[in-house]
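Heads up: the protein sequence lines correspond to chains A and B, in order.
Note that the numbering used here has the first sequence beginning at 1, numbered continuously upward.
Note that the numbering used here has the second sequence beginning at 1, numbered continuously upward.
First comes the structure, then the notes that go with it.
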Amino acid sequence: MSNAFREKSLSYLIVGPFAIVLAFPFYVMVITAFKNGTEFYDASATPYWFKQGPTLDNARFLFDNTPYTDWLENTALIGVAVVGITLLLALPAGYALARLSGRVGQSLGVGIFLTYLVPPTLLFLPLFWVISRLHLQDRLLALILVYPSFTVPFSTWLMMGFFKTIPQELEDAARVDGASRLKTLVRVIFPISLPGILTVIIFSFSLVLNEFVYAFTFISSTAHRTLSTGVYTDLIRGDLPEWGAIMVAALIPSIPLALLYNTFLDRFIAGFTGGAFR
Amino acid sequence: MEAAAVARPRASRWGNALERQGVLASVLVAPAVIFIAALVGGPLLLSVYLSFTNATAGSLSGKWVGTENFRHEWSNQTFQDAAWHTFLFTVLSQVVVLLVAGLLAHALLRSFPGKWILRFLILLPWAAPLPLSLMGWKWMFDTSYSIINWTLENLGFVSKIDPPQWLAQPRLAMGSVIAVHAWRLIPFAVVIFLAGLASIPKEVDDAAAIDGATGLKKFAFVTLPLQLPIATVALLFGIVFTATDMAVVYILTQGGPPPSFSTEMVTTWSYKTGIESGSLGPGAAISLALLPVLAVVAIGMLIFARKREVT
């Protein structure tokens, strides 16, 4: 047997089983989402497949009998607002840190990155105090205001990595042609950074969907909840939760996000490590 | 370059100031810095202040009580347990994450048919929103009807009459939250490992081959030492993400199961004290126990960044 063949088989042997284990919960979620409700509590029905065939009843129940569409809307609204604020702050900052400053810029860059490590579990109590003082409890605005505190540091670092990969000569050429620095930035640099900007949008959105502590602490009414808390607080109730509907609720945002995430992952790595490994 | 800038027709004083490197950089970076200072630095200081007061969620204002909150929590059995659980949760899950991720990253380095789909499956736990994928776990851990116990019962490993209650028996609950957190972090560590491995120059491999190093020998003396920095970065991130996580534990067990609360963490205890019981001051004092962890990790990151600069 050739060496290459042996190495490839080894890769399959290692990666295959782990891939199955890591993806298994999602398989269970998909099966459960389309399963007939009576099968959940039927010991003779295999949980690995369908006894009576797939059904859309769970999805129908979710949209007809729960506030799920409210949560979708709230999450989308917060996501768009947060992404807007993030781009507005992180694009210029990332550029400045990548290009226009020397030693000070480098330290500032690392400093901003370190603030990304400060977790919500350390800040939610003082921020609860601030939100209460501003009378923003149970309002989406509270989350729109607070979420950029982690998307901005993260995105600034990411954009800094991207901007570093754009050759300085490109800018010099534009400036020799008489464009001001600001004009060069808006007309030349930002357009070719579009892949980086898209990456920031997707990853900021993903951070918003992942956030649990702030949403759980600041929002108290069902109608104002986001996806990350609503499904947990309002659908897992009583002795027999509607597991089918819960899985539909979890899968609808997860599938598109996971696909986008995967598509942009390589760009993400390039940007994320662009600041660290160069 | 300077000549071009001078030759340009002067637009305004503002425009001129913006042509100077330092000025434009400051203007561009200032909004982000001010925003972060206000929303991260400010609250952090406020948290320290609150921890010295008896402020409540209802009245917000509180009296200065000195180190009372800290002294009380320090001798409080629940807090001591929470700190110990947080330590266990962090260390054990990180051991699993590093071992599995290191192995996977090496296997994923080669190209083979179908690699993209396997990579996609491996990345799913990190790519899907955690509070939502935890719903899947909550159902899978269900005692009476879910897939884990159904499988174990049908294979004859556990009794049908008294199946394991994954989230309701103290040791099992701790094991479960550790397993789920490792499941969540493995893909992230794989990504970091892959980036690190890709940055090891190809020449190193070639040189090792010329010197006759192969297989395990090459792994132990060439690949592993070169990988140490990247493993450290993955570990530092992992420590922060685990020690400060609340979603996994709160959604799965709420710090339970009662009465022993074997999965109570610093984060859940701080939430229960500060929000559920409304004692903001003591809650802030509890959460500050995470600060030393954060400081150690930050210092580690800075050392790593400095080393990279030198080489």
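Beta carbons: idealized from backbone N, C-alpha and C, even for Gly.
Keep in mind it's a predicted model, so treat the numbers as computed, not measured.
| Check | Outcome |
| --- | --- |
| Same chain only: Cβ atoms within 7 Å of A55/B, ignoring 5 sequence neighbours per side | S61, G62, L280 and G281 |
| Residue burial classification, Q77/B (beta-carbon count within 10 angstroms, cutoff 16) | exposed |
| Endpoints, alpha helix (DSSP H) assigned at Y145/B | Counting along the chain, Y145/B falls outside any alpha helix (DSSP H), and DSSP gives it neither H nor E. |
| C-alpha distance - T151/A paired with G271/A, whole-angstrom precision | 15 Å |
| Where the region 82-95 of chain A meets chain B: residues whose CB sits under 7 Å from a CB there | L89, A90, P92, A93 and Y95 |
| Start and end residues, alpha helix (DSSP H) containing M246/B | Segment: none, M246/B is in no alpha helix (DSSP H) and carries neither H nor E. |
| Closer than 8 Å at the beta carbon, the chain B residues around K8/A | R110 and F112 |
| Within-9 Å CB hit, L130/B to chain A | yes |
| Residues that P47/A contacts on chain B, provided the C-beta gap is smaller than 7 Å | S146, I147 and W150 |
| Assigned secondary structure, T315/B (DSSP; H/G/I helix, E/B strand, else coil) | Nothing can be reported for residue 315/B: it is not among the residues displayed for chain B, which extend from 1 to 311. |
| Unbroken stretches of the alpha helix (DSSP H), 4 residues or longer, contained in the region 100-188 of chain B | 115-127, 130-140 and 147-154 |
| is_contact[V27/B, chain A] using C-beta, thresh 9 Å | yes |
| Cβ pair G230/A, A33/A closer than 9 Å | no |
| Rounded Cβ spacing between V83/A and S204/A (contact assumed at less than 8 Å) | 5 Å |
| Boundaries (first-last residue) of the alpha helix (DSSP H) holding H72/B | E68 to W74 |
| CB contact below 9 Å: F40/A versus chain B | yes |
| I84/B, DSSP secondary structure in three states | Inspection of the sequence shows that residue 84/B is occupied by Trp rather than by Ile. In this structure, W84/B counts as helix in the three-state DSSP scheme. |
| Under 9 Å from the C-beta of A107/B: neighbouring residues of chain A | L10, S11, Y12, L13, I14, V15 and F18 |
| Cβ neighbour criterion (16 or more within 10 Å) applied to V40/B | buried |
| Cβ separation of V21/A and T121/A, assumed to be a contact under 8 Å, to the nearest whole Å | Rounded, the Cβ-Cβ distance is 28 Å, inconsistent with contact. |
| Test: L84/B CB closer than 9 Å to a CB of chain A | The sequence given here has Trp at residue 84/B, not Leu. Chain A, which has no Cβ nearer than 9 Å to the Cβ of W84/B, makes this no. |
| Beta-carbon contacts of A127/B that lie in its chain and below 8 Å, excluding the five residues immediately before and after | P187 |
| CA-to-CA distance, L226/B to T165/A, given in whole angstroms | 25 Å |
| Same chain, Cβ closer than 6 Å to F268/A, five either side skipped, listed in chain order | T199 |
| N-terminal and C-terminal residue of the alpha helix (DSSP H) that V28/A is part of | N3 to A33 |
| Interface flag, F277/A vs chain B, CB-CB below 9 Å | Interpretation of F277/A is limited by its pLDDT of 44, a score under 50 that renders its predicted location unreliable; the figure taken from the coordinates is listed afterwards. Cβ-Cβ to chain B under 9 Å: yes for F277/A. |
| Touch test, the region 80-90 of chain B against the region 206-218 of chain B, Cβ-Cβ under 8 Å, three pairs minimum | no |
| Outcome for R10/B when other beta-carbon atoms lying within 10 angstroms are tallied against a minimum of 16 | Note that R10/B scores 47 on pLDDT, short of 50, meaning its location in the model is unreliable; the coordinates nonetheless yield the value given after this. Exposed, since its Cβ has fewer than 16 Cβ neighbours within 10 Å. |
| Meets three-Cβ-pair contact criterion under 8 Å: the region 253-265 of chain A and the region 110-130 of chain B | yes |
| N- and C-terminal bounds of the alpha helix (DSSP H) containing I236/A | First-last for I236/A: undefined, no H or E at that position. |
| Sufficient close CB pairs (3 or more, under 8 Å) joining the region 176-186 of chain B to the region 236-250 of chain B | yes |
| Test: I236/A CB closer than 9 Å to a CB of chain B | yes |
| Below-9 Å beta-carbon distance, R187/A vs any chain B residue | no |
| T244/B vs L290/B beta-carbon contact at 9 Å | yes |
| Classification of G274/B by the beta-carbon crowding that lies within 10 angstroms, buried from 16 upward | buried |
| CB contact flag (L124/B, F141/B, <9 Å) | no |
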